[in-house]
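Peer 1: Okay, so the sequence shown: first residue is 237 according to the numbering used here, each after it adds one.
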Amino acid sequence: MQKSSVLIIVFCLFVLCSVKAQSNEEAVVPDKLFPKELNVSSSAVFELMGVTPSQISRSSDVKDFKVDWSFKSWRLNPNISLQGQPIWELIYNRKDISKYVNASAFMQKLSSLELSLGTVQDEDGNRRIGFGGKINILRSHDPLLKRGYFDSTLVNYKSEIELNRQTRQQLKNTLDTLKDLSQFKALSSQIIDIDNQLNQILARQRDEILAQSKSFADQFWNSSFLDVGGAAVFTYLTDSVGSLKELKVNKKTGNALWLTGGLGLGKRWLITGMVRGLQYRERLDFVLRDTLNFTEVPLDTTINQVLLTYGLNIRYGSPYFNFFVEYFSDLRSISDKTKVILEGNSERISEMGPAVVVDIKSITWNLQPAHSLTVGGDWRISRNLALNFGLRMEFDTQWKKQTFIPISTLSCLMR
237 MQKSSVLIIV FCLFVLCSVK AQSNEEAVVP DKLFPKELNV SSSAVFELMG VTPSQISRSS
297 DVKDFKVDWS FKSWRLNPNI SLQGQPIWEL IYNRKDISKY VNASAFMQKL SSLELSLGTV
357 QDEDGNRRIG FGGKINILRS HDPLLKRGYF DSTLVNYKSE IELNRQTRQQ LKNTLDTLKD
417 LSQFKALSSQ IIDIDNQLNQ ILARQRDEIL AQSKSFADQF WNSSFLDVGG AAVFTYLTDS
477 VGSLKELKVN KKTGNALWLT GGLGLGKRWL ITGMVRGLQY RERLDFVLRD TLNFTEVPLD
537 TTINQVLLTY GLNIRYGSPY FNFFVEYFSD LRSISDKTKV ILEGNSERIS EMGPAVVVDI
597 KSITWNLQPA HSLTVGGDWR ISRNLALNFG LRMEFDTQWK KQTFIPISTL SCLMR
């Protein structure tokens, strides 16, 4: 057998294997082309820690694992949180989302449960560790239930794709029965041309779906929603090597529950509000003075405290870039520190003698900003990356400025 004949046979076998393999592939539209989330919001644990530019977040609908980095102190500290949706990942994260579409309303809501774990180092060098979660209980538009939005595009290309497949199958049937090797190469080239045409059709379909996905996000990014969140944070004193020591007793260590709701206005505006309750242990320091010998004894006591928080966020823009203005207020449920000391320590004081009194001016607790104003924005750099930034000003009860803090976070979706 001549060398040229061997080469022809090898070439024919290669083409046959390629044609067979390609014929078994389905020309499908990848699920990743469809929008799975309208917004990328911060993790629940970072929200409670207060290390996000906006303390009143938008609805969480991220269906991928996410990593957040917070830059509040502008130092290279491991301020990071990890976020995921376990129920979605275990039950509904499939190429075919029909299981999610056909699920009950309760399971669809349950699948939006996100859990997060995070740690930051605060300005005092303390290590904060926490975990949290959020779940959506009301949403005006769910991207995964809006596949009909793309039906017209899929239908327009369906006949063109089907005609291509029929032509290809006819050529393949002819190729299978062909005995004249001289025509084999020409017919194989036609099949390759048909395959290239199919790739071009799918590319045009993909580009059109991506354009529609952008239009979909523009139209529904500010959808109305209602979320419930909760988190627990623990703050520890650390030594020079970062070992965890004493647990801090203040508002940085506690458990919280909150309710966040948003209302979209037109295509550019989103108004979001939040109500939150944080339960924690509050430490009060005070001094007892003996009026006879003028001696002083420094003491402290702790009480169960609840920090009531409410706020309003007004956002303007698009899903890719927007600005916001936010007002945030914290109110102690127990605000009269003098009354707490006098009533809670009356027996303790009386045991020390009738001449012992509390030095009212010495009663102190952790400085607590009563009002907070933040201006900032979000920039969706890509499908997988989002930057949040803000400038926060904090005030006391008399609206005297206490702090001015720049904050930014970087969110990365693990697609």
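Positions of the beta carbon are idealized from the N, C-alpha and C atoms, including for glycine.
Quick one: using the 10 Å Cβ neighbour count with 16 as the cut-off for buried, is residue 289 buried or exposed?
Peer 2: As a first step, residue 289 is located in the sequence shown; it is residue number 53 there, counting from the start. Per the 10 Å Cβ criterion, buried.
Peer 1: How close, in whole Å, do the beta carbons of residue 617 and residue 594 come, if the pair is a contact with beta carbons under 8 Å?
Peer 2: By one-based count along the sequence shown, residue 617 stands at place 381. By one-based count along the sequence shown, residue 594 stands at place 358. Rounded to whole angstroms, the Cβ separation of residue 617 and residue 594 is 56 Å, and the two are not in contact under 8 Å.
Peer 1: I'd like to confirm the pairing. Which residues does DSSP put opposite residue 474 in its beta bridges?
Peer 2: Here residue 474 corresponds to residue number 238 of the sequence shown, with the count starting at 1. Beta-bridge pairing links residue 474 to 480.
Peer 1: What span of residues does the alpha helix (DSSP H) with residue 392 cover, start to end?
Peer 2: Locating residue 392 in the sequence shown gives position 156, counting from the first residue. Where residue 392 is concerned, the enclosing alpha helix (DSSP H) stretches over 387 to 413.
Peer 1: Closer than 9 Å, CB to CB, is residue 300 near chain B or not?
Peer 2: Of the protein chains in this structure there is only one, and it is not chain B.
Peer 1: Do you know offhand how far residue 541's Cα is from residue 608's?
Peer 2: As a working mapping, residue 541 is identified with position 305 in the sequence shown. As a working mapping, residue 608 is identified with position 372 in the sequence shown. Distance between the alpha carbons of residue 541 and residue 608 is about 20 Å.
Peer 1: Hey, residue 469 and residue 363 are a contact pair by Cβ (cut 8 Å); roughly how many whole angstroms apart?
Peer 2: The count along the sequence shown starts at 1 and reaches residue 469 at position 233. The count along the sequence shown starts at 1 and reaches residue 363 at position 127. Their Cβ separation, rounded to whole angstroms, is 11 Å, which puts residue 469 and residue 363 out of contact at 8 Å.
Peer 1: Rounded to a whole number of angstroms, what is the C-alpha to C-alpha distance between residue 553 and residue 559?
Peer 2: Within the sequence shown, residue 553 is the residue found at index 317, counting from 1. Within the sequence shown, residue 559 is the residue found at index 323, counting from 1. The straight-line gap separating the alpha-carbon atoms of residue 553 and residue 559 is approximately 6 Å.
Peer 1: Residue 508 lies in the beta strand (DSSP E); which residues open and close that run?
Peer 2: Residue numbering aside, residue 508 sits at position 272 when the sequence shown is read from its first letter. That run of the beta strand (DSSP E) goes 505 to 526.
Peer 1: Just reading off the alpha helix (DSSP H) that residue 583 is part of, what are its end residues?
Peer 2: Sequence index remark: in the sequence shown, residue 583 carries index 347 (1-based). Counting along the chain, the alpha helix (DSSP H) containing residue 583 begins and ends at 582 to 586.
Peer 1: Could I get the ranges of all uninterrupted alpha helix (DSSP H) runs contained in the stretch 302 to 346, with 4 residues as the minimum, in chain order?
Peer 2: 334 to 337, 341 to 346
Peer 1: Could you check what DSSP says for residue 606 in three-state terms: helix, strand or coil?
Peer 2: Here residue 606 refers to the residue found at position 370 when the sequence shown is read from its first residue. Residue 606 falls in the coil class under three-state DSSP.
Peer 1: For residue 591, name the three-state secondary structure that DSSP assigns.
Peer 2: On the sequence shown, position 355 is the one that residue 591 refers to. Residue 591 falls in the coil class under three-state DSSP.
Peer 1: For residue 302, count the other beta carbons within 10 Å of its own beta carbon; 16 or more makes it buried, fewer makes it exposed. Which is it?
Peer 2: Within the sequence shown, residue 302 is the residue found at index 66, counting from 1. Buried, since its Cβ has 16 or more Cβ neighbours within 10 Å.
Peer 1: Among 544, 496, 530, 487, which residue has its Cα nearest to the Cα of residue 538?
Peer 2: If you number the sequence shown from 1, residue 538 lands on position 302. Ranking 544, 496, 530, 487 by Cα distance to residue 538 puts 487 first.
Peer 1: Note down the Cα distance separating residue 374 from residue 482, rounded to an integer number of angstroms.
Peer 2: Against the sequence shown, residue 374 aligns to sequence position 138. Against the sequence shown, residue 482 aligns to sequence position 246. The straight-line gap from Cα to Cα measures roughly 41 Å.
Peer 1: Looking only at C-alpha atoms, which of 484, 282, 323 sits nearest to residue 343?
Peer 2: Along the sequence shown, one-based indexing puts residue 343 at 107. Closest option to residue 343, Cα to Cα, is 323.
Peer 1: Need the endpoints of the alpha helix (DSSP H) that residue 283 sits in, please.
Peer 2: Walking along the sequence shown from the start, residue 283 turns up at place 47. That run of the alpha helix (DSSP H) goes 280 to 285.
Peer 1: Can you tell me whether residue 582 is buried or exposed, with buried defined as 16 or more other CB within 10 angstroms of its CB?
Peer 2: Counting from 1 along the sequence shown, the entry for residue 582 is found at position 346. With fewer than 16 Cβ atoms within 10 Å of its Cβ, residue 582 is classed as exposed.
Peer 1: Quick one: what's got a C-beta closer than 8 Å to residue 404's C-beta in the same chain, skipping five residues either side?
Peer 2: Here residue 404 is taken as the residue at index 168 of the sequence shown, counted from 1. Correct list, in chain order: 259, 427, 430, 431, 434.
Peer 1: Using DSSP with H/G/I as helix, E/B as strand and the rest coil, what is residue 643?
Peer 2: The residue labelled residue 643 in the question sits at position 407 within the sequence shown. Looking at residue 643 - three-state DSSP - the assignment turns out to be strand.
Peer 1: Going by the CB atoms, is the gap between residue 458 and residue 551 shorter than 9 Å?
Peer 2: What you label residue 551 is simply residue 315 of the sequence shown in a count that begins at 1. What you label residue 458 is simply residue 222 of the sequence shown in a count that begins at 1. Taking 9 Å as the Cβ cut-off, residue 551 and residue 458 qualify as a contacting pair.
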